Amino acid sequence: MQRKVGCQEYENLSRRGLIEKMGRQALQGLAPAWMPSVTFGSDYRGKFGPADRDVLISVYLRGGCDGLTVCVPYGDPAYYQHRSSLAVPPPDQTTNANRAVDLNGFFGLPPAMQPLKELYDLGHFLVVHATGLTNNTRSHFDAQQFMEAGKADKNLWTGWLGRHLASIGEMKEGALLRAVGLSGTLALTLEGGPRTTTLANMEDTRYGGRSESEAARVNWLRQAYAAAQPGLAEAADNTFKTIDLLRSLNFSNYQPAGGAQYNQPMPNGGGTYGSASDFGNSLRAAASLIRADVGVEAVHVDFGGWDTHEYQAPFEYYGPMYMGMYSLATNLRALYTDLEASGFMGNVTVAIVSEFGRTVQQNGNYGTDHGHGNVMMLLGKNVNGGQVLGTWPGLASELLHEHNALAITTDYRDIIAEVVQKRLKNTNLSAVFPDSGYTPTFRNAVRAA
Amino acid sequence: MSQNTADGASRRAFLQAGAASIGALALAQTSKAQDWAGGRIQPGPIGTERGMGTYGLVNRITYGLTREEADRFDNIGYAAYLEEQLSPLEIDDSECASRLRQFQSLDMTPYNCLRGLDESIDPSWECVQSQIVRAIYSKRQLQEIMVEFWLDHFNVYIHNSASELMPTHIATIRKYCLGSFHTLLTNVVKQVQVMWYLDNLNNVNGFTNQNFGRELLELHTLGVDGGYTQRDVETATAVFTGWGMDGYYEWPWDQTTNRNWGKFKFYADRHDTSQRYFMGDLPEHLIPAGGQAQGDLLLQRLATHPSTAWNIARKLCRKFLSYEPSYNTIEAAANAFLSSNGNIRTVLNYILRDIRLSKWYKPKFKRPYHFTISSLRAMKAEMTDSESIIWELLNNMRQVPLHWAPPNGYPDAMNVWVENLRPRWYMSFQMPMNWLWNARVDVYGLFKDRTRDGVIRGIERNLFGGPMSAVRREQFRGVLNSTATNTQIREAFGLALASPEFQMY
């Protein structure tokens with residue numbers, strides 16, 4: 004950027020900016036999918052190309068969620084021995100709601116997760132149990148890093164999803180953004196991905212200052228940042244593109260389809276709050292990006308609050324565990340409704356992971372400490388759902404990992420790799436999981452696109 | 296942007312050599328000679344690779360350059376300026392103190408916070424606000440930088456703890472932030488807030504909770520590769536059973552008459568007295584059966600362990616030098632830690648004694664809080680109320696003080712923050728227009744004459760701390776008439792705040 008920019012040039016830039024702005028307004032004629040005036044033909048989904056690949060929504064449950072509550076192994080008697088007051092009772096014929104609803108005669112969902120039962124029965128919701136990161140760490144931060152990087156390597160600072168994007172061409176030609184993280188900080192899962200950014204708030208696209216000079220100032224910044232150091236230059240470029248994109252989408256007027264309701268009130272009428280309500284907002288934002296059909300092919304959502312060392316109470320509306328599960332289940336259900344009614348669900352897969360499960364034995368504070376094996380979950384119409392996948396290692400004391408945690412029988416990467424190859428159409432799995440000691444074993448978790 | 300060059304293998308090498316090199320600071324001085332190559336500084340704006348600027352030290356150990364700080368540095372020189380900032384209590388800070396008088400909870404005991412009975416006083420809110428006031432206006436800038444550093448190190452999420460304890464938590468860190476690490480650690484733990492946040496108040500014999508025991512080893516002292524095992528986590532958990540808070544078992548709290556409410560209390564009847572071994576089975580690893588002395592002994596062992604020295608030295612080098620300091624640099628800083636019994640001032644003095652000569656001194660990306668404070672400082676903003684700064688700006692940038700939920704503190708890394716530039720630009724363009732609530736700037740006081748070059752010099756003097764590049768100068772010349780209009784001046788300062796240079800330090 005050695006070009007001399009004089010006063011006259013500034014005026015020209017202003018004018019050029021104005022033309023761009025007008026161009027954007029013209030673009031807005033291609034109204035986003037949820038605008039009430041638009042009706043789509045049955046071929047709308049075909050914009051991806053009928054045989055093309057899925058959009059992936061990656062959900063990370065930060066803190067180590069308790070998989071033994073999320074999907075209850077009520078058929079294992081040891082579960083009730085280890086959890087005298089935290090266990091979810093087995094299903095039975097009584098009307099007592101505080102018990103599991105049966106999935107397959109061995110596992111069940113707790114009340115807060117039951118909104119997903121219907122999708123399980125439809126075969127669109129899959130639980131994988133006794134899975135996770137095979138590395139033994141019980142540190143949140145190491146476990147998250149290793150899982151998101153896809154390898155237990157402290158010097159690997161790109162994420163598996165970022166490398167997937169980097170190792171395959173864009174899904175939609177000329178897409179401004181290929182991946183979005185819905186928080187103020189970029190998750191490692193997405194690190195290394197091209198045209199990838201993070202958004203704290205999809206509705207706020209203000210540059211600030213006088214509107215008359217905005218285009219000129221933004222062009223000034225474009226020039227300045229184009230020559231900035233690596234990292235900063237790309238981030239700025241992503242920011243300009245993102246703001247252009249978001250302004251064309253009019254997110255604040257987004258209307259979910261099919262009567263889908265994100266952030267539903269809880270059964271007692273109270274609302275969710277904190278990370279539980281943020282999750283609903285994030286899934287709503289994810290749905291809007293997918294339905295806008297602008298080429299975003301991966302959305303990452305962080306959902307915190309699962310580090311339940313105390314008061315894990317699975318039936319208490321204001322306990323962290325109930326509220327987390329309730330938000331997870333109802334908002335995933337809303338996402339499914341929204342995308343199904345708008346014709347997109349057939350091209351979307353949702354993958355939900357957490358860094359580790361929690362100790363099988365409850366601790367002294369009606370909570371659980373950091374454990375090992377856990378659940379992961381997939382949602383999608385091409386998921387081989389309606390089952391709890393995996394080999395159950397058992398909860399009897401002598402079968403536990405390091406005497407107190409669920410053992411792992413399925414490397415979580417097996418499931419992710421299968422999704423990447425079959426649903427995201429990337430066969431370059433050695434780029435996604437660059438671990439010479441690891442070869443993916445497909446578990447028939449999803450069907451090929 | 297990798298974040299760890301000094302990897303586990305190198306660290307292990309340090310630990311193996313550790314015993315031999317304790318006290319061998321002279322040896323370290325030789326080994327680091329290659330790191331401190333010398334003579335690499337050209338004049339240039341702070342935050343650029345070309346030159347870390349005349350005022351690089353000022354920018355590294357403060358929340359950003361101001362003309363007052365630059366003048367002070369010019370008057371007394373590098374060594375004296377550093378020494379002055381390392382002795383904060385000798386710096387007159389009365390102007391900042393008068394600004395802090397609006398906050399009534401800062402000097403209150405937990406009991407008084409609890410029993411203040413004045414609903415207009417919100418200790419947690421005052422903590423957030425007063426941190427911002429100090430960061431902008433305190434002359435004890437390095438102290439405030441270190442308070443933020445330790446608040447991240449001993450992170451407590453304000454909504455998952457007792458707000459009545461937060462003023463003393465921060466005051467404890469401020470009091471000990473530059474002294475002995477052992478003293479800091481002991482006082483922070485016994486101030487209770489960290490134990491509250493990490494569930495140790497409920498960690499009692501027979502009903503244990505490993506949260507505090509694990510994070511104490513992983514985050515506060517040894518570091519995740521510090522050589523401990525799950526058994527050591529269980530040992531630490533047992534040792535700290537019964538470490539709790541006076542009045543914790545009283546109910547309802549807000550009716551208490553216990554003046555010691557919120558202070559540390561050891562509950563012997565809730566403590567597991569059995570003897571333990573920590574990080575080994577040799578006699579020197581024994582923690583004898585007993586009461587509170589077990590925890591005191593463990594804290595003392597942890598505070599002086601070579602792994603802790605490495606962990607703290609690594610974080611400080613990363614904070615003050617660059618994201619990837621060399622092994623030799625960290626080793627020398629860790630040796631300074633060990634040979635000074637963990638004296639933080641000594642370690643800082645080593646790291647900072649002439650950063651201009653270190654080839655590991657490299658530009659870093661300002662975290663959102665740092666960016667926000669530095670722009671208010673550079674523009675000499677008069678902030679009457681930080682509320683909109685917090686909710687309109689810091690919240691959108693995702694770095695409100697005391698609001699990081701996991702125990703590891705806001706990350707000191709570029710990649711996690713850099714994608715969220717828009718709120719920074721928003722602030723940059725609003726502030727010089729005086730369109731931020733409750734923060735006023737006198738932009739015309741920041742340059743001598745309103746000629747094109749006069750305004751550019753004002754930007755260089757107040758914001759960049761050195762001459763800008765020819766390319767940037769041309770860009771600014773492009774937006775300023777030969778006699779600049781008021782709007783042009785305001786927007787030029789906005790562009791400067793939004794520029795790549797100003798995001799770095």
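These protein sequences, in sequence, are chains P and B.
For my numbering, count along the first sequence from 1 and bump the result up by 3.
For my numbering, count along the second sequence from 1 and bump the result up by 295.
Positions of the beta carbon are idealized from the N, C-alpha and C atoms, including for glycine.
Keep in mind it's a predicted model, so treat the numbers as computed, not measured.
Per DSSP, the bridge partner or partners of lysine 560/B:
Your numbering for residue 560/B matches position 265 in the second sequence. Answer is Gly539/B, bridged to lysine 560/B.
Since leucine 179/P contacts arginine 198/P with CB under 8 Å, what's their CB separation in whole angstroms?
To locate residue 179/P, count along the first sequence from 1; it is residue 176. To locate residue 198/P, count along the first sequence from 1; it is residue 195. That pair is a contact at about 7 Å.
In chain P, what lies closer than 7 Å to glutamine 798/B by C-beta?
One-based indexing of the second sequence puts residue 798/B at position 503. Going along chain P in sequence order, the residues near glutamine 798/B (Cβ under 7 Å) are Leu235.
Can you tell me which of Gly277/P, Arg287/P and Gly283/P puts its alpha carbon nearest to the alpha carbon of tyrosine 257/P?
For this step, residue 257/P is matched to residue 254 along the first sequence. Of Gly277/P, Arg287/P and Gly283/P, the residue nearest in Cα terms is Arg287/P.
Which runs of the alpha helix (DSSP H) fall wholly inside the region 493–547 of chain B and span at least 4 residues, in chain order?
506–510 and 525–534
Burial state of threonine 524/B, where buried means 16 or more other Cβ atoms lie within 10 Å:
What you label residue 524/B is simply residue 229 of the second sequence in a count that begins at 1. By the neighbour-count rule (16 or more Cβ atoms within 10 Å), threonine 524/B is not buried but exposed.
Range covered by the beta strand (DSSP E) that runs through tyrosine 350/B:
As a first step, residue 350/B is located in the second sequence; it is residue number 55 there, counting from the start. No beta strand (DSSP E) contains tyrosine 350/B, which DSSP labels as neither H nor E.
Is the region 160–174 of chain P touching the region 276–290 of chain P, taking contact as three or more C-beta pairs under 8 Å?
no
Can you find at least 3 beta carbon pairs, one from the region 115–128 of chain P and one from the region 382–397 of chain P, that sit closer than 8 Å?
A contact exists between the region 115–128 of chain P and the region 382–397 of chain P.
Please identify, using Cβ separations under 9 Å, the residues of the region 216–232 of chain P that lie next to chain B, in order along the chain.
Per Cβ criterion, the list reads Ser216, Glu217, Ala219, Arg220, Val221, Trp223, Leu224, Gln226, Ala227, Tyr228, Ala230, Ala231 and Gln232.
For alanine 321/B, three-class secondary structure by DSSP
Taking the first residue of the second sequence as 1, we reach residue 321/B at position 26. Only weak support exists for where alanine 321/B lies, its pLDDT of 40 falling under 50; the coordinates are left without a value.
Min CB distance phenylalanine 507/B to chain P below 7 Å:
For the purposes of this step, residue 507/B is taken as the residue at position 212 of the second sequence. By this cut-off, phenylalanine 507/B is not an interface position.
Using a Cβ cut-off of 7 Å (strictly closer), state whether glutamate 313/P contacts chain B.
On the first sequence, position 310 is the one that residue 313/P refers to. For glutamate 313/P, the answer is yes, since a Cβ of chain B falls inside 7 Å of its Cβ.
Less than 6 Å between C-beta atoms, sequence neighbours within five positions excluded: which residues of the same chain meet that for proline 259/P?
Along the first sequence, one-based indexing puts residue 259/P at 256. Excluding residues within five positions, the ones whose Cβ falls inside 6 Å are Asp341.
Can you tell me whether DSSP reads asparagine 266/P as helix, strand or coil?
The sequence position of residue 266/P within the first sequence is 263, counting from 1. Reduced to three states, the DSSP call for asparagine 266/P is coil.
Give the residues from the region 278–311 of chain P that approach chain B closer than 9 Å (Cβ to any Cβ), ordered along the chain.
Ser278, Gly307, Gly308 and Asp310
Take the Cβ of asparagine 350/P as the centre, count every other Cβ of all protein chains shown within 10 Å, and call the residue buried at 16 or more, exposed below.
As a working mapping, residue 350/P is identified with position 347 in the first sequence. The residue is buried, with at least 16 neighbouring Cβ atoms inside 10 Å.
So, do the region 716–734 of chain B and the region 672–689 of chain B have three or more beta carbon pairs nearer to each other than 8 Å?
Contact between the region 716–734 of chain B and the region 672–689 of chain B is present, because at least three Cβ pairs lie under 8 Å.
Identity of the residues DSSP links to alanine 210/P by a beta bridge
Counted from its first residue, the first sequence places residue 210/P at position 207. In the sequence as displayed, the identity of residue 210/P is tyrosine instead of alanine. Bridge partners of tyrosine 210/P: none, in fact.
Glutamate 313/P vs glycine 370/P beta-carbon contact at 7 Å
In the first sequence, counting from the first residue as 1, residue 313/P sits at position 310. In the first sequence, counting from the first residue as 1, residue 370/P sits at position 367. Yes. Within cutoff.
Distance check for serine 88/P and alanine 81/P, CA to CA, integer angstroms please.
Taking the first sequence and counting its residues from 1, one reaches residue 81/P at position 78. Taking the first sequence and counting its residues from 1, one reaches residue 88/P at position 85. Between alanine 81/P and serine 88/P, the C-alpha separation is close to 13 Å.
Less than 6 Å between the CB of threonine 192/P and some heavy atom of the ligand SAM, yes or no?
Of ligands this structure carries none, so the ligand SAM is not represented either.
Starting from tyrosine 314/P, follow the beta strand (DSSP E) in both directions and report where the run begins and ends.
The sequence position of residue 314/P within the first sequence is 311, counting from 1. Note, tyrosine 314/P: premise wrong, no beta strand (DSSP E); not H, not E.
For glycine 789/B, go through chain P and note every residue whose CB falls closer than 9 Å to its CB, in chain order.
Taking the first residue of the second sequence as 1, we reach residue 789/B at position 494. Going along chain P in sequence order, the residues near glycine 789/B (Cβ under 9 Å) are Gly211, Gly212 and Arg220.
Is it true that the region 766–783 of chain B meets the region 372–386 of chain B, where meeting means three or more beta-carbon pairs spaced less than 8 Å apart?
Cβ pair count under 8 Å is below three, so no.
Checking 7 Å against the spacing of the C-beta atoms, do proline 727/B and methionine 692/B come in under that value?
Here residue 727/B is taken as the residue at index 432 of the second sequence, counted from 1. Here residue 692/B is taken as the residue at index 397 of the second sequence, counted from 1. Taking 7 Å as the Cβ cut-off, proline 727/B and methionine 692/B do not qualify as a contacting pair.
Assign threonine 201/P to buried or exposed, taking buried as 16 or more other Cβ atoms, counted over all protein chains shown, within 10 Å of its Cβ.
Taking the first residue of the first sequence as position 1, residue 201/P is located at position 198. Buried is the call here.
I'd like the list of long-range same chain contacts for serine 291/P, defined as Cβ closer than 6 Å, with 5 residues on each side in sequence excluded.
Start at 1 with the first residue of the first sequence, and residue 291/P comes out as number 288. Excluding positions up to five away in sequence, the list reads Phe254 and Tyr257.
Here's the rule I'm using: 16 or more other beta-carbon atoms within 10 Å means buried, otherwise exposed. How should leucine 577/B be labelled?
Here residue 577/B refers to the residue found at position 282 of the second sequence. With fewer than 16 other Cβ atoms within 10 Å, it is exposed.
Contact with chain B by alanine 316/P, beta-carbon distance below 7 Å:
Locating residue 316/P in the first sequence gives position 313, counting from the first residue. No, no contact with chain B.
So if DSSP puts histidine 373/P in a beta bridge, which residue, or which two residues, is it bridged to?
Working through the first sequence from its first residue, we reach residue 373/P at position 370. Partner(s): Arg361/P.
Can you name the residues of chain B whose CB is closer than 9 Å to the CB of threonine 242/P?
Here residue 242/P refers to the residue found at position 239 of the first sequence. Result: Glu714, Asn715, Leu716, Arg717 and Trp720.
Of the choices Val299/P, Glu215/P, Tyr276/P and Met269/P, whose alpha-carbon is the least far from that of leucine 252/P?
Numbered from its first residue, the first sequence carries residue 252/P at position 249. Nearest C-alpha to leucine 252/P: Val299/P.
Determine the chain B residues that contact histidine 143/P at a beta-carbon separation under 7 Å, and present them in chain order.
Locating residue 143/P in the first sequence gives position 140, counting from the first residue. For histidine 143/P, the chain B residues whose C-beta falls within less than 7 Å of its own C-beta are Pro701, listed in chain order.
When the Cα atoms are used, what is the spatial distance from methionine 328/P to threonine 72/P?
The residue you call residue 328/P lines up with position 325 of the first sequence. The residue you call residue 72/P lines up with position 69 of the first sequence. Straight-line measurement puts the Cα of threonine 72/P at about 9 Å from the Cα of methionine 328/P.
In chain order, which continuous runs of the beta strand (DSSP E) of length 3 or greater are located wholly inside the region 113–180 of chain P?
Unbroken beta strand (DSSP E) runs of no fewer than 3 residues, entirely contained in the region 113–180 of chain P, are found at 128–135, following chain order.
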